[in-house]
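Engineer: In the working numbering, the protein residues as written are 37 to 215.
We put the beta carbon where it would ideally sit given N, CA and C, even for glycine.
Fair warning: this is a prediction, and the values are worked out from it, not measured in the lab.
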């Protein structure tokens, strides 16, 4: 039995509900810390631009994945996030908590069917080899790591140094096609 197509009015209402959900997630990112919100917005925008060249059919989904990939941080204490972001000392158990960010993001986003493609990209971000990831997740990982290295962390290495690191890991951590 095939599904009945949605009317224009139903499609509009569905899009409005999805946008309200996205806005509530945006508010959660701002509550985590303003810097996280800015990083996520920039990650989404840059990942969308890169995906237009390599896989244009998913550019909107990859924007949402980039924008929401750190929503899992809502599960961590704010002081821990600030300390990590500013280069403060973290214990091994505190550092371990950060390895679960993407898993938490998937758990938060998965119930929303309109974000299932974005979730499918986020769930791969903790992998250590691009060969284990779909192309969209490879794009998202390279963009997120580039932004983290270049300007959005205590590292703040600058664009040139960040690009050099990304290029050095091309072929192992990053797909040369993406880099």
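(1) Please classify residue 43: does DSSP put it in a helix, a strand, or coil?
(2) Rounded to whole angstroms, what's the CA-CA distance from residue 120 to residue 208? Just pull it up for me.
(3) If I measure Cβ to Cβ from residue 164 and keep anything under 7 Å in the same chain, skipping five residues before and after, which residues do I get?
(4) Roughly how far, in whole angstroms, is the beta-carbon of residue 72 from the beta-carbon of residue 106, given that I think they are within contact range, below 8 Å?
(5) Taking residue 176 and residue 101 to be in contact with their CB atoms under 8 Å, please state how far apart those CB atoms are, rounded to whole angstroms.
(6) Excluding sequence positions up to five away, which residues of its chain have a Cβ less than 6 Å from the Cβ of residue 195?
(7) One question on the structure: do residue 104 and residue 167 come within less than 8 Å of each other, judged by their Cβ atoms?
(8) Below 6 Å CB to CB, which residues in the same chain sit around residue 198 once its five sequence neighbours on both sides are set aside?
(9) With 16 other CB atoms within 10 Å as the buried threshold, where does residue 180 fall?
(10) What do you reckon, are the CB atoms on residue 174 and residue 214 nearer than 8 Å?
(11) With a 10 Å radius around its C-beta and 16 neighbouring C-beta atoms as the bar for buried, classify residue 83 as buried or exposed.
(12) Alpha carbon to alpha carbon, how far is residue 204 from residue 50? Give it in angstroms, no decimals.
(13) Give me, in chain order, the residues of the same chain whose beta-carbon lies closer than 8 Å to that of residue 133; leave out the 5 immediate sequence neighbours on both sides.
Structural biologist: In short:
(1) Coil at residue 43, not helix or strand.
(2) In a straight line, the C-alpha of residue 120 is about 26 Å away from that of residue 208.
(3) Closer than 7 Å at the Cβ level, and outside the excluded window around residue 164, lie 209.
(4) Confirmed, Cβ separation roughly 6 Å.
(5) Taking 8 Å as the upper bound for CB-CB distance, residue 176 and residue 101 are in contact here, some 6 Å apart.
(6) Result list for residue 195: 186, in chain order.
(7) With respect to residue 167, residue 104 sits apart: the two C-beta atoms are not nearer than 8 Å.
(8) The answer, listed in chain order, is 182, 185 and 186.
(9) Per the 10 Å Cβ criterion, buried.
(10) Yes, the Cβ-Cβ distance between residue 174 and residue 214 is below 8 Å.
(11) Residue 83 is buried by the Cβ-count criterion.
(12) Spanning the two alpha carbons is a distance of roughly 44 Å.
(13) 112 and 116, listed in sequence order.
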